[in-house]
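Colleague:
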Amino acid sequence: MAFETLEVSVEDGIATVRLDNDPVNAIDQQMRHELAEAVDVLREDRVRVGVFTGADDVFSVGADVGLFEEAQSWTTAEFRSNSRILGRAFEGLEEIEKPVLAALDGTCVGGGLELALACDVRIASPDATLGFPEHNIGLIPGLGGCSRFVTLVGPGIAKDMIFSGELVDGERAREIGLVERVESDPKAAALEYADSLCERPPQAVGLAKRVVNAARETDTQTAGLLESYAQSTLLETADHREGIRAFREKRDPEFTGE
């Protein structure tokens, strides 16, 4: 699969997707389609963990303004159809039963930050720049910048940052819950993290992701039921039996995903 705006590679179970659309990794129409194709790569059985990265000084500035200029001639149906391309890619990242990490260095705003929000764990550099400046062109964050953002930081902070267009650095982003980790080299940290996740039981990690995501959207009783069903499924896996044997034999387990 050939890409023009991304670099996609798979090695030792880790799929690395690097945004590569000079000069600022703007999400244009080509990247929209390629991000959807990259999610298909992450779905492949050879992949256990996904990692999204950008350049050293910019993860992504979000949507290409030229795309919005073009969209002025679209009908509402055409606009929604084009938005669904990226929306489905983001939904795919959330739904896939594999951990997906985002390594955020430099500028990560607008649609770039919405891409990061669709990932499971965000690792930012201390001096990264994150936020939603969509009001500068009379819009709102429209692909998760409102809906996913609020689940991480709460309604007060979400509204404040969206209303004001305030941009925050990595340290402040961690304080408000927008990112989970701050590292001087986010990409290296993400790849190290991904490598450690490849050693963990894939089904257990994948189902943990699905249950946590479901708990965010349902009541505690229903979420607990899903948790119980997931656990009962995992009790029947070969990886669970291997984990017990390894514990008894005082050795590291070798998980196969079975």
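Numbering (my numbering), first residue to last: 1 to 258.
C-beta atoms are modelled at their ideal positions from N, C-alpha and C, and glycine is treated no differently.
Computed from a predicted structure; not experimentally measured.
Which residue wins for smallest C-alpha separation from VAL24, given the options ASP57, ALA215, VAL168?
Modeller: ASP57
Colleague: For the segment 117-129 against the segment 151-169, are there 3 or more C-beta pairs whose distance is under 8 Å?
Modeller: yes
Colleague: Among the residues of its own chain, which have a CB less than 6 Å from the CB of GLY111, if the five just before and after it don't count?
Modeller: Here the set comprises ILE27, GLY62, ALA63.
Colleague: For the candidate residues ASP40, GLN29, GLY165, ARG174, whose alpha-carbon lies nearest to that of SER9?
Modeller: ASP40
Colleague: So for GLU199, helix, strand or coil by DSSP?
Modeller: coil
Colleague: So, is ALA15 buried or exposed, given that buried needs 16 or more other C-beta atoms within 10 angstroms?
Modeller: buried
Colleague: What are the boundary residues of the alpha helix (DSSP H) that ARG241 is part of?
Modeller: Taken as a continuous stretch (DSSP letters only), the alpha helix (DSSP H) holding ARG241 covers 238-248.
Colleague: Are GLU97 and LEU207 close, meaning C-beta to C-beta below 8 Å?
Modeller: The Cβ atoms of GLU97 and LEU207 lie closer than 8 Å to each other.
Colleague: Going along the chain, which unbroken runs of the alpha helix (DSSP H) with 4 or more residues stay wholly within the segment 129-178?
Modeller: 147-153, 155-164, 170-176
Colleague: Is the segment 105-124 touching the segment 42-54 in the sense that three or more CB pairs, one from each, lie closer than 8 Å?
Modeller: yes
Colleague: What do you get for ILE140, buried or exposed, if any count of 16 or more other CB atoms within 10 angstroms of its CB means buried?
Modeller: Per the 10 Å Cβ criterion, exposed.
Colleague: What does LEU101 pair with, by DSSP beta-bridge criteria?
Modeller: VAL51, VAL121
Colleague: Would DSSP call THR233 helix, strand or coil?
Modeller: helix
Colleague: Give a yes or no on whether the C-beta atoms belonging to ARG210 and PHE255 are separated by under 8 Å.
Modeller: no
Colleague: With distance defined between alpha-carbon atoms, name the residue in ALA77, GLU258, LEU115, GLN221 nearest to ARG32.
Modeller: Nearest option by C-alpha distance: LEU115.
Colleague: From ALA36 to ALA89, what distance separates their C-alpha atoms?
Modeller: Taken atom to atom, the span from the alpha-carbon of ALA36 to that of ALA89 is near 5 Å.
Colleague: Using C-beta distances below 6 Å, list every residue in its chain close to GLY165, excluding the 5 sequence neighbours before and after it, in chain order.
Modeller: PRO133, HIS135
Colleague: CA-CA distance, THR237 and TYR229?
Modeller: 13 Å
Colleague: Let me know the secondary structure DSSP gives GLY111 once reduced to three states.
Modeller: helix
Colleague: I'd like the list of long-range same chain contacts for CYS261, defined as Cβ closer than 8 Å, with 5 residues on each side in sequence excluded.
Modeller: There is no way to answer for residue 261, as the model of the chain reaches only from 1 to 258.
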